[in-house]
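Here the structure is laid out as structure tokens; the discussion comes afterwards.
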DNA sequence: GGCAAATCTGTGCACGTTCACAGAATCAAC
DNA sequence: GTTGATTCTGTGAACGTGCACAGATTTGCC
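Chains as they are written, first to last, in full-length UniProt numbering: chain A, 1 to 340; chain C, 1 to 340.
Okay, here's the thing in structure tokens:
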């Protein structure tokens with residue numbers, strides 16, 4: 001059982017020095033591209049490195065430097081995220097690009113099971129990364145506790161749970177985006193515009209309603225807002241049914257999410273009305289729902305790559321010792337399809 | 001510029017020892033749960049750890065242990081992969097689950113730009129991971145070179161480029177899957193079954209044709225095979241047009257990929273025939289194409305999570321010093337939708 | 001040739017941990 | 001009370017690197 005790996009010993013800086021007939025210090029200087037190494041020494045060292053097959057040991061370097069040039073990227077609840085949400089990949093790439101420019105390595109750590117949580121927490125606390133980016137953080141979690149306790153430079157994508165001491169966070173501008181798409185709906189000639197608002201107990205839900213109200217200004221009519229509890233298809237369908245009964249003359253609807261919008265379209269079609277001829281519908285998120293409806297949804301797209309890049313920028317700033325903004329809000333794009 | 005981080009010094013095992021009035025060795029034994037630490041010492045150490053806020057430094061441990069309990073997971077060409085291919089997420093999770101069970105940390109490293117390549121190669125060679133899983137490896141790449149040169153325990157998902165020294169690889173059973181779906185096509189009553197074969201110069205393409213031939217046995221007819229160069233929509237459409245001219249009495253088609261199948265369906269509809277009533281069509285991959293066609297494609301689904309899990313198993317075996325199979329072939333599932 | 005500056009080199013120490021070993025204390029048995 | 005095993009503890013060395021410092025050598029200049 002478990003036989004000793006007996007991995008052939010790796011060459012060290014010492015072996016190179018011996019082979020090249022110089023000292024450890026000189027080899028170290030050559031490897032790190034410092035000044036003050038003679039041409040003769042350089043050649044000897046180059047030959048020696050090639051001969052013994054030397055590669056620097058990063059673990060040893062990390063230990064003495066107290067720095068790793070690496071940033072962790074933590075993904076929670078990967079099943080739902082990876083499979084359904086195309087955004088996570090974009091966020092990942094956006095962050096990687098920015099970190100790469102700053103010559104930092106990004107290590108994605110996946111938290112799936114309970115075991116993962118503790119192991120990742122150990123990994124972070126072990127000094128293997130200088131900072132960390134966290135998406136969809138959970139409220140009471142060993143990972144976030146470790147980040148807090150060690151004051152590990154961190155940036156959250158989305159609102160962090162609780163007060164984040166040494167962390168910034170980057171979110172999308174829900175208010176602005178909601179206002180923007182509502183305004184565009186008005187510009188297409190819609191006069192009586194309603195909203196199926198969802199999850200008003202959460203920031204995102206409340207903000208989207210606020211943006212809707214802001215865009216309409218004086219034209220805002222409380223009676224045309226139908227609140228539903230969840231960002232779901234069925235909630236959207238039921239909410240839209242109620243809204244149509246109350247206001248049959250509606251000609252435009254802003255749904256708080258694509259799933260809600262898909263439900264709303266279903267409800268509209270039930271009454272014999274057509275989308276977008278009778279009623280224009282817009283959603284939010286540009287999720288998979290947006291392409292499943294007929295016609296396809298006009299909706300708000302998150303700047304996913306931007307979220308990742310911005311989170312990376314915030315972490316890098318903290319790494320330099322700066323104190324960046326605690327909160328960054330990003331604007332969203334609108335994708336115009338057939339539904340409005 | 002770049003002010004010193006001045007991070008408050010982390011507590012070490014030495015600080016704990018001082019605080020608890022015992023020696024480093026005893027603290028180390030306690031932390032690692034070894035035998036031979038008295039109740040009195042244990043209590044003192046626990047209190048001391050809580051007081052000074054000690055967390056073990058993994059970098060130092062890695063250095064002396066020559067082992068990290070971590071495995072790298074390398075993703076090439078992430079743009080196309082993450083955005084279009086849902087499989088990559090599943091592979092990731094499958095691998096993570098298996099590694100997690102073995103108490104190993106998985107670190108996903110993304111190779112996007114040229115800079116990434118070198119940095120990741122450095123990361124791997126630095127001894128920060130014990131082994132590595134590589135998806136979609138490229139032919140001549142610093143990463144694969146490092147893996148080869150250091151004889152880093154590795155497992156490839158898909159065929160590795162060139163001869164892989166210390167590596168295994170895991171692939172899907174193209175022959176078996178092709179035979180299987182062809183057989184199912186026959187069972188639905190199709191009599192004259194053709195194939196739009198693609199990329200016969202690649203293993204995957206040749207194997208899928210071989211499976212097709214195997215399933216048909218004596219009923220195989222060379223004339224009903226139309227080879228096209230690429231796994232593309234347009235190649236599928238053009239190939240199917242030719243095939244239909246040559247064999248108008250066809251009632252079933254196996255397309256070498258979903259994209260090819262989508263093109264084939266287009267060509268079939270051009271002639272006024274219907275799918276699946278006149279001609280049944282099956283594809284391969286269960287990609288996004290499969291749901292875009294009308295009717296939706298019956299196709300072969302890769303056991304993505306299984307690929308990841310198996311790759312993880314192979315790496316773990318090598319880590320233990322075993323010499324696992326050089327190649328592992330996994331069976332595929334068939335998803336039966338409307339197209340056949 | 002003398003002197004200062006610039007360039008080059010080697011040595012010891014530190015980083016924080018684990019491990020082997022030696023020694024101390026406790027216990028059991030006669 | 002001696003012996004021997006068992007349990008517990010402390011110490012020094014090692015892992016492979018970077019850095020400060022001291023010393024050696026070369027260069028530039030008058």
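Think of the CB as a built atom: it goes at the ideal place given N, C-alpha and C, for glycine as much as any other residue.
Are the beta-carbon atoms belonging to residue 91 of chain A and residue 315 of chain A less than 7 Å from one another?
Result no, Cβ atoms of residue 91 of chain A and residue 315 of chain A do not sit closer than 7 Å.
For a contact meaning CB atoms closer than 8 Å, what does residue 116 of chain A contact in chain C?
In chain order: 96, 100.
Can you give the Cα-Cα distance for residue 317 of chain A and residue 151 of chain A, rounded to whole angstroms?
One Cα belongs to residue 317 of chain A, the other to residue 151 of chain A, and the distance between them is close to 15 Å.
Give the single residue among C:72, C:177, C:162, C:243 whose Cα lies nearest to the Cα of residue 212 of chain C.
Each of C:72, C:177, C:162, C:243 was checked against the Cα of residue 212 of chain C, and the nearest Cα belongs to C:177.
Taking the alpha carbon of residue 93 of chain A as the reference point, which residue from C:207, C:78, C:13, C:168 has its own alpha carbon closest?
Of the candidates C:207, C:78, C:13, C:168, the one whose C-alpha sits nearest the C-alpha of residue 93 of chain A is C:78.
Compare the C-alpha of residue 334 of chain A against each of A:183, A:245, A:242 and name the closest.
Checked all of A:183, A:245, A:242; the closest Cα to residue 334 of chain A is A:183.
Straight-line gap, residue 326 of chain C to residue 169 of chain C (C-alpha atoms, nearest Å):
Near 6 Å, if we compare the C-alpha coordinates of residue 169 of chain C and residue 326 of chain C.
Answer yes or no: the CB of residue 316 of chain A versus the heavy atoms of the ligand FAD, is any distance below 6 Å?
Annotation note on the ligand FAD: not contained in the displayed structure, which lists no ligands.
Among C:251, C:215, C:260, which residue has its Cα nearest to the Cα of residue 236 of chain C?
Of C:251, C:215, C:260, the residue nearest in Cα terms is C:260.
Assuming residue 70 of chain A and residue 143 of chain A are in contact, meaning their beta carbons sit under 8 Å apart, how far apart are those beta carbons, in whole angstroms?
Contact between residue 70 of chain A and residue 143 of chain A does not hold, since the beta-carbon distance rounds to 16 Å and is not under 8 Å.
Would you mind giving the Cβ-Cβ distance between residue 262 of chain C and residue 97 of chain C, rounded to the nearest angstrom? I have them listed as a contact below 8 Å.
Not really, about 33 Å apart at Cβ, beyond 8 Å.
To the nearest angstrom, report how far apart residue 293 of chain A and residue 339 of chain A are at their CA atoms.
For residue 293 of chain A and residue 339 of chain A, the distance between alpha carbons rounds to 9 Å.
Across which residues does DSSP place residue 299 of chain A in a beta bridge pair?
Within the DSSP secondary-structure output, residue 299 of chain A pairs in a beta bridge with A:335.
Along chain C, which residues have their Cβ under 7 Å away from the Cβ of residue 62 of chain A?
Below the 7 Å Cβ cutoff, chain C contributes 59 as neighbours of residue 62 of chain A, in chain order.
Tell me whether residue 251 of chain A sits in a helix, a strand or coil according to DSSP, three-state version.
DSSP, reduced to helix, strand and coil, places residue 251 of chain A outside both helices and strands of the structure shown, so it counts as coil.
Output, in chain order, the set of chain C residues within a Cβ distance shorter than 9 Å of residue 45 of chain A.
Within 9 Å Cβ-Cβ: nothing; residue 45 of chain A doesn't reach chain C, min ~18 Å.
Do you know offhand how far residue 11 of chain A's Cα is from residue 126 of chain C's?
Answer to the nearest angstrom: the Cα atoms are 12 Å apart.
Test: residue 112 of chain C CB closer than 7 Å to a CB of chain A
Closer than 7 Å: yes.
Can you give me the Cβ contacts of residue 298 of chain C inside the same chain, cut-off strictly under 6 Å, excluding the 5 residues immediately before and after it?
The beta carbon of residue 298 of chain C lies closer than 6 Å to those of 282, 336, 337, 339, 340 in the same chain, with the five residues before and after it left out.
Return helix, strand or coil for residue 14 of chain C, following the three-state DSSP convention.
Of the three classes helix, strand and coil, the one that applies to residue 14 of chain C here is helix, per DSSP.
Would you kindly work out how many angstroms separate the C-alpha atoms of residue 31 of chain C and residue 13 of chain C, rounded to a whole number?
A direct Cα-Cα distance of roughly 9 Å separates residue 31 of chain C from residue 13 of chain C.
Grab the span of the beta strand (DSSP E) containing residue 134 of chain C for me, first residue to last.
It spans 131 to 135 - the beta strand (DSSP E) in which residue 134 of chain C sits, taken as one unbroken run.
Alpha carbon of residue 193 of chain C to alpha carbon of residue 172 of chain C, nearest angstrom
The straight-line gap from Cα to Cα measures roughly 24 Å.
For residue 255 of chain A, tell me which candidate among A:23, A:272, A:267, A:154 has the shortest Cα-Cα distance.
That would be A:267, whose Cα lies nearest to the Cα of residue 255 of chain A.
Name the two residues that bound the continuous beta strand (DSSP E) containing residue 28 of chain C.
No beta strand (DSSP E) contains residue 28 of chain C, which is instead part of the alpha helix (DSSP H) from 24 to 31.
Could you check which residue in A:49, A:319, A:252 has the C-alpha nearest to that of residue 166 of chain A?
Selected option, being the one with the closest Cα: A:319.
For residue 168 of chain A, which residues does DSSP report across the bridge?
For residue 168 of chain A, which the question treats as bridged, DSSP gives the partners A:155.
Closest Cβ-Cβ distance between residue 107 of chain A and chain C: below 7 Å?
Closer than 7 Å to some Cβ of chain C, the Cβ of residue 107 of chain A qualifies, so yes.
Would you call the region 108 to 122 of chain A in contact with the region 43 to 61 of chain A, where contact means no fewer than 3 C-beta pairs closer than 8 Å?
The answer is no - the region 43 to 61 of chain A does not touch the region 108 to 122 of chain A, with fewer than three Cβ pairs under 8 Å.
When you compare the region 226 to 243 of chain A with the region 190 to 209 of chain A, are there three or more beta-carbon pairs, one atom per stretch, that lie closer than 8 Å?
They touch, by the three-pair rule.
Excluding the 5 residues preceding and the 5 following residue 7 of chain A in the sequence, name in chain order all residues of the same chain whose CB lies nearer than 7 Å to its CB.
Any answer about residue 7 of chain A is weak, because its pLDDT of 45 lies below 50 and its placement is not dependable; what the coordinates show is given next. Excluding residues within five positions, none has a Cβ falling inside 7 Å.
Find out if the Cβ-Cβ distance for the pair residue 253 of chain A, residue 210 of chain A is shorter than 7 Å.
In this structure, the beta-carbon distance from residue 253 of chain A to residue 210 of chain A does not fall below 7 Å.
Report the rounded CA-to-CA distance for residue 247 of chain C versus residue 286 of chain C, giving the unit in angstroms.
Their backbone Cα atoms lie some 27 Å apart in a straight line.
By DSSP, does residue 277 of chain C sit in helix, in strand, or in coil?
Of the three classes helix, strand and coil, the one that applies to residue 277 of chain C here is coil, per DSSP.
Indicate the three-state DSSP secondary structure (helix, strand or coil) for residue 194 of chain C in the structure shown.
Here residue 194 of chain C sits in strand by DSSP.
Please tell me whether residue 78 of chain A has its Cβ less than 7 Å away from any Cβ of chain C.
Interface residue, yes.
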